[in-house]
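Which chain is which? The protein sequence lines are C and S, in order.
Residue numbers for the first sequence, in the numbering used here: 2 to 90.
Residue numbers for the second sequence, in the numbering used here: -6 to 191.
Structure, as structure tokens:
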Amino acid sequence: MSSQPNRKEMLSIINEISFTVVDTQLYLDTHPCDNEAIAYFEQFSSMRNQALKEFAECYGPLTIDTAVYACNERWSWVNDPWPWQEGGC
Amino acid sequence: MWNYEKRLQYPVKISQPNAALAKIIITQFGGPDGELAASMRYLAQRYTMPYKEVTALLTDIGTEELAHMEMICAIVHQLTRGLSAEELEKAGFADYYVDHTAALWPAAASGAAWTAAYIQSKGDPITDLHEDLAAEQKARTTYDNILRLVKDPEVCDPIRFLRQREIVHYQRFGESLRIIQDNLDANNFYAFNPAFDK
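Below you can see the structure in the form of structure tokens.
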């Protein structure tokens, strides 16, 4: 990749992918045998995990499971903005 | 068990404070058809739900409602952020301000405190699903009412997202009711309570 997308763009991609994952999850709860939907879920779920890992590396973790990818000496969870704050959304 | 994700389900970025709007929108935090009530309702009902698809759905929608509560709180917070006591008073926010300053506290637009009396957890799958279907429609009407009063596009946008989710949840709960009835005697759905009778 020539240039890393900025924080806002990257967060927006994570929001869109995550929405697809959540909406498909609800659909699968009432249609657990829909193989096409399971494949769709798997595709977007792995995209989401990758995007969360890349975000943590660049801008700090959004989830506790990606906190290890943020190469900071300080515990960045307390420093990065919360989503209702300026710069967090 | 829950994990926190440090993002909103849908972004909330409001540049223009408006405490009069906050006073209305807070009802979807702590009002009778708000997101806190929705989450508590579904997360309470799931323990006695005997059908695995529906137990999963109550858990997952109950979880999504927490994310919606967070969005509503972010909207109210951004609409009241940085305002003086005089500005809050002018916007009709003095009654709330005197007890809670600019903090988030679950109340209806009328000022009434959030109460568990807003929800039901009946322990009968058919009854609980009807409660849930009604709850989604009541929340959808509340969002429609809010949208008639809101002109700021930065506020309308996340409210429209939340309204849309009520319709999706209603659809999924409708499918759940069908799953429940498919497991029961079609000649008499009420012959016994599958969550209680052996």
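The beta-carbon is built from N, C-alpha and C at its ideal position, and this holds for glycine as well.
| Check | Outcome |
| --- | --- |
| In terms of alpha-carbon separation, which member of S:Lys115, S:Leu142, S:Gln157 and S:Glu124 lies closest to S:Arg133? | S:Gln157 |
| Note down the Cα distance separating S:Asp92 from C:Ala40, rounded to an integer number of angstroms. | 51 Å |
| Taking Cβ to Cβ, would you say S:Val5 is nearer than 9 Å to S:Ile68? | yes |
| Can a CB atom of chain C be found closer than 9 Å to the CB of S:Ile172? | yes |
| Measuring alpha carbon to alpha carbon, tell me which residue in S:Ala15, S:Thr56 and S:Tyr40 is nearest S:Gln2. | S:Thr56 |
| Taking C:Tyr70 as the reference, which of C:Pro6, C:Glu58 and C:Ile18 has the closest Cα? | C:Glu58 |
| On the CB-based measure, 16 or more other CB atoms within 10 Å of its CB, does S:Asp175 come out buried or exposed? | exposed |
| Alpha carbon to alpha carbon, what distance is there between C:Ala68 and C:Arg75? | 11 Å |
| Are the beta-carbon atoms of S:Ile7 and S:Glu147 separated by less than 9 Å? | yes |
| For chain S, is any of its Cβ atoms less than 9 Å away from the one on C:Gln26? | yes |
| Would you call S:Leu142 buried or exposed, if buried means 16 or more other Cβ atoms sit within 10 Å of its Cβ? | exposed |
| Would you call S:Lys16 buried or exposed, if buried means 16 or more other Cβ atoms sit within 10 Å of its Cβ? | buried |
| Going by the beta-carbon positions, is the gap between S:Ala12 and S:Ala84 smaller than 9 Å? | yes |
| I want to verify the contact list: residues of chain C whose CB lies under 8 Å from the CB of S:Val161, in sequence order. | Asp24 and Leu27 |
| Quick check for students: name the residue ranges of the alpha helix (DSSP H) that lie wholly in the segment 81 to 124 of chain S, counting only runs of 4 or more. | 87 to 93 |
| Roughly how far, in whole angstroms, is the beta-carbon of S:Leu126 from the beta-carbon of S:Phe182, given that I think they are within contact range, below 8 Å? | Not a contact, Cβ separation roughly 15 Å. |
| Expressed to the nearest angstrom, what Euclidean distance is found between the alpha-carbon atoms of S:Leu59 and C:Thr31? | 21 Å |
| Name the two residues that bound the continuous alpha helix (DSSP H) containing C:Phe20. | Arg8 to Thr31 |
| Note down, in chain order, all residues in the segment 0 to 23 of chain S with a beta-carbon under 9 Å from any beta-carbon belonging to chain C. | Arg0, Leu1, Gln2, Tyr3, Pro4, Val5 and Lys6 |
| Can you name, in chain order, every residue of its own chain whose Cβ lies under 6 Å from the Cβ of S:Leu36, other than the five neighbours on each side? | Gly55 |
| Measure the alpha-carbon distance for C:Gln44 versus C:Gln5 and round it to whole angstroms. | 22 Å |
| S:Gln71 versus chain C: which residues are under 8 Å apart at the beta carbon? | Trp85 |
| In whole angstroms, what separates the C-alpha of C:Asn50 from that of S:Thr52? | 22 Å |
| When you compare the segment 102 to 119 of chain S with the segment 184 to 191 of chain S, are there three or more beta-carbon pairs, one atom per stretch, that lie closer than 8 Å? | yes |
| Which residue wins for smallest C-alpha separation from S:Ile112, given the options S:Lys(-1), S:Met33, S:Gln21 and S:Tyr90? | S:Met33 |
| Just the chain C side, please: which residues come within less than 8 Å of S:Glu79 by C-beta, in chain order? | Chain C residues near S:Glu79: none, gap ~24 Å exceeds 8 Å. |
| What does the alpha-carbon distance come out to for the pair C:Met2 and C:Leu29? | Note on C:Met2: pLDDT 49, under 50, position unreliable in the model; the coordinate value appears next. Approximately 34 Å, taken between the alpha carbons. |
| With 9 Å set as the bound, which would you pick, yes or no: does the beta-carbon of S:Val197 sit closer than that to a beta-carbon of chain C? | Coverage of chain S is limited to positions -6 through 191, which leaves residue 197 of chain S absent and any answer about it impossible. |
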